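Heads up: the structure comes next, in C-alpha cells.
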Amino acid sequence: SFDLSNIKVGVLAGGVSSERDISLQSGAQVCRTLDSRGVEAVFIDITSRDDVVIKAQLKLHAPDVVFIALHGEFGEDGSIQGILESIDIPYSGSGPVASRLAMDKIASKEVFAKKRIPIAPSCMLARGQVMSTMVRYPVVVKPYCAGSSIGVSIVRDDMSLRQAIDVAFRVQDKLLIEQYIEGRELTVGIFKEEPLAVVEIVPRGGYFDFTTKYSDGLADLIAPAKLKQAVYRAVQKTAVAAHRSLGCRHFSRVDIRLSPDEVPYVLEVNSIPGLTSHSLLPLSAAACGISFNELIMEMIRAAFYGKNQIQEVKKS
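Here the sequence shown stands for residues 3 to 318, numbered as in this note's numbering.
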C-alpha cells in the first residue's frame with residue numbers, strides 16, 4: 003500500500019441526474035473506505051450543473067485528488083472531468099472524451115462497429131420521426147444517453163413498442179431501438195486496463211431492470227460465471243477491447259450479452275460503474291481476490307500517481 007496519509011481526497015457524489023441516490027450511496031461507501039484507511043476524505047455533494055458553483059466547492063475544499071462517484075449524465079458525460087482538467091486536479095476514471103463517448107450509446111456503437119466488436123443491430127429514432135424500418139421483435143427501446151436502465155423496455159409487439167417509445171421520450175429526445183439478443187447477461191469489470199472476473203446476472207423476473215440493478219436479491223449473481231474456458235476468455239477479451247476502443251482509463255464495467263451461439267455482444271461500457279457493497283464492479287473484483295477497500299485505494303492511487311507520474315519520477 004502507498005502513503006496517502008498527507009493527501010486529501012475529495013469524493014464527488016450526488017449530482018443532478020436521475021441516479022442521484024445511487025451516487026450518494028457510492029460516495030458514502032468510498033468515504034467509509036478512506037476513513038477506515040486513515041485517509042482524509044471530504045464528501046462533496048454536487049447539487050448544481052453550474053461549473054462556477056462546482057469550481058467554488060472544489061476551491062473551498064482544495065482536495066489533492068478527486069474520486070468521482072457521480073453516476074448518470076453529469077458525472078459520466080465528461081462535464082465534471084472537463085472542469086477538473088481546467089483547474090488541474092487529478093481525478094479517478096476516464097477523461098472527458100472517453101466519458102462522453104461511453105455515455106452516448108449511439109456514438110459508442112459506431113466505434114465498436116469500426117473495431118469489429120460485436121454489437122446488436124439497432125436504429126436511432128428522434129422525437130417526431132416516424133419509424134421507417136420494419137422491426138424484428140423482440141427489441142429493446144432505450145434512451146440514447148441514460149444509464150441504469152431508466153426508460154428501457156423490452157418489447158415483443160407493435161403496441162408495446164409504441165408505449166415504450168413514449169416512455170423513453172419522457173427521458174430524452176433521441177432513442178435507440180435495438181435488436182434484443184436472447185442469451186446470458188454478463189458483465190466484466192476492467193481494472194488497470196485488465197479484465198476482472200466475468201459475472202453472470204440471472205434475473206429472477208426475466209429482465210434486469212432498474213429495480214433489479216440496485217436492490218439485493220432480485221437477481222442471482224454468479225462470479226466467476228460458469229462458462230467454458232475459451233468462451234470466458236473471449237468475453238474478457240471483448241470487454242477489454244470495448245474499454246480500450248473508447249479510450250477509457252483506469253477502470254470501467256462492460257455489459258455483455260452472450261448469444262446462444264456464444265458470441266459476446268457488447269451492450270455498453272459504463273465509465274463510472276456503481277460502487278456500493280452490492281454493485282457489480284466490486285463483485286467482479288472480489289471474485290479475483292481484490293477487496294472493496296483495496297479496489298477503491300487502487301483507483302485513487304491510479305488517479306493521483308497517473309497525474310503526478312512525471313514529478314514522481316523526477317524526485318527519485
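By construction, the Cβ of each residue, glycine as well, lies at the ideal position given by its N, Cα and C atoms. Given the structure is predicted, the values throughout are model-derived calculations rather than measurements.
Same chain, Cβ closer than 6 Å to residue i, five either side skipped, listed in chain order
i: F306; result: V67, P92
i: A199; result: A225, P226, S286, A289, C290
i: I298; result: V32, T35
i: A128; result: K176
i: E264; result: V233
i: Q27; result: T278
i: A15; result: S25, L26, G29, A71
i: L6; result: V41
i: H252; result: G95, A304
i: P275; result: R255, L283
One or two residues paired with residue i in a DSSP bridge
i: R255; result: G191, N272
i: L223; result: I203
i: Q14; result: Reading off the sequence, residue 14 comes out as Leu, not Gln. I46, I70.
i: L260; result: R186, P266
i: E196; result: F193
For residue i, the first and last residue of its enclosing alpha helix (DSSP H)
i: A244; result: 231 to 247
i: V113; result: 107 to 116
Start-to-end residues for the beta strand (DSSP E) that takes in residue i
i: C125; result: 124 to 128
i: P284; result: That residue, P284, is in no beta strand (DSSP E); its alpha helix (DSSP H) goes 282 to 288.
i: K144; result: 141 to 145
i: V265; result: Element bounds for V265: n/a, residue is neither H nor E.
Whole-Å CB distance - residue i paired with residue j, under 8 Å assumed
i: S96; j: S273; result: 4 Å
i: Q83; j: S101; result: 5 Å
i: P197; j: Q231; result: That pair is no contact at about 14 Å.
i: L163; j: K107; result: The Cβ separation is near 18 Å, so there is no contact.
i: V157; j: P140; result: 6 Å
i: S94; j: N295; result: 15 Å between Cβ atoms; not a contact.
i: Q181; j: S261; result: Not quite, the Cβ-Cβ distance comes to about 11 Å (not below 8 Å), so this is no contact.
Residue-level contact to chain B via CB, residue i, 8 Å cutoff
i: V200; result: The structure shown contains no chain B; it holds only a single protein chain.
Close Cβ partners of residue i (< 7 Å) along its chain, the five nearest in sequence each way excluded
i: K57; result: I85, I89
i: L223; result: V201, I203, L285
i: L248; result: A100, L103, A104, S110, V113, V271
At 4 residues or longer, and completely inside the segment 37 to 104: list those alpha helix (DSSP H) runs for me, N to C. The qualifying runs are 53 to 63, 75 to 78, 81 to 88.
Whole alpha helix (DSSP H) elements within the segment 156 to 189, 4-residue minimum: Entirely contained in the segment 156 to 189, the alpha helix (DSSP H) runs reaching 4 residues are, in chain order, 160 to 173.
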